[in-house]
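J.:
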Amino acid sequence: MKQVNKDMTIREVLSIFPDSAAVFAGYGMFCIGCPGAQAETVEEACQAHGIDCEALIKDINAQADKA
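To convert a position in the sequence shown, counted from 1, into my numbering, add 5.
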């Protein structure tokens with residue numbers, strides 16, 4: 006499976022790994038309904054929400070590996 010990285014848009018991440026929505030939500034990021042998710046990168050979204058980007062990406066990739 007392709008690994009998620011900070012430069013991918015939220016939309017890209019959700020399209021290659023739909024279950025990542027639960028990981029985003031676990032961090033308080035409800036990206037599915039956000040208009041910014043179409044063009045905002047994971048890094049930009051993390052900065053806007055005060056989230057540790059590396060931790061989020063690590064958790065998304067770990068969840069993807071289980072799928």
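Each residue gets a CB set at the ideal place from its N, CA and C atoms; glycine is no exception.
Quick check on this structure: which residue in Ala27, Glu17 and Gly33 has the alpha carbon closest to the alpha carbon of alanine 53?
T.: Here residue 53 refers to the residue found at position 48 when the sequence shown is read from its first residue. The candidate whose alpha carbon is nearest that of alanine 53 is Gly33.
J.: Between which two residues does the alpha helix (DSSP H) harbouring phenylalanine 35 extend?
T.: Indexing the sequence shown from 1 puts residue 35 at position 30. From DSSP, phenylalanine 35 is part of no alpha helix (DSSP H); its letter is neither H nor E.
J.: Does the Cβ-Cβ distance between phenylalanine 29 and alanine 69 come in under 9 Å?
T.: Along the sequence shown, read from residue 1 onward, the residue named residue 29 stands at position 24. Along the sequence shown, read from residue 1 onward, the residue named residue 69 stands at position 64. Result no, Cβ atoms of phenylalanine 29 and alanine 69 do not sit closer than 9 Å.
J.: Within 10 Å of its beta-carbon, does alanine 60 have 16 or more other beta-carbons around it, so buried, or fewer, so exposed?
T.: Translated into the one-based positions of the sequence shown, residue 60 becomes position 55. Result: exposed.
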